[in-house]
Amino acid sequence: MTDYSLTSGRLFATAAALIALAAVLLGWYALVRPGPRGRPLAAVIVGAAGLLTGGFVIAVADGGPGSGSGVVGGYVAVALGLIGGGLGWLALGRAGRRTRTPR
């Protein structure tokens with residue numbers, strides 16, 4: 203096996219990072235284009251999924267960076283999951299303010 207082969211840890215970490223990247227894109231789109239509340243909520247949920255999956259990869263990794271266990275991808279997934287969830291949370295707050303009627 204070479205140092206650059208695709209191990210199961212790297213594959214799982216890549217999938218987690220792609221899920222978290224989808225959360226960032228959903229959250230950004232929800233901020234830029236306000237619409238239904240489902241879009242920001244989806245960003246929060248997908249961001250949490252990427253965050254948890256990345257955390258799982260980090261928790262079960264048996265080596266450091268370069269060992270093939272997916273540690274770097276896990277950290278990327280955690281960071282992107284936090285960013286995507288945060289963007290979704292901000293968009294969710296904006297959607298709530300926009301739909302409220304004054305008393």
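Sequential numbering from 203 applies to the sequence shown in the working numbering. Ideal Cβ placement from N, Cα and C applies to all residues, glycine included. Predicted model only: the values in this text are computed from it and were never measured.
Worksheet item: Can you tell me the Cα-Cα spacing of residue 219 and residue 273, whole angstroms?
Response: Just so you know, the alpha carbons of residue 219 and residue 273 end up roughly 11 Å apart.
Worksheet item: Rounded to a whole number of angstroms, what is the C-alpha to C-alpha distance between residue 296 and residue 206?
Response: Cα to Cα, the separation comes out at about 44 Å.
Worksheet item: So residue 232 and residue 293 are in contact, right, with Cβ under 8 Å, and what is the actual spacing, rounded?
Response: Indeed, because the Cβ distance is near 4 Å, the residues count as touching under 8 Å.
Worksheet item: Taking the alpha helix (DSSP H) that residue 210 falls in, what are its first and last residues?
Response: Unbroken alpha helix (DSSP H) run through residue 210: 210-234.
Worksheet item: Do residue 282 and residue 222 have their C-beta atoms within less than 7 Å of each other?
Response: Cβ atoms of residue 282 and residue 222: closer than 7 Å.
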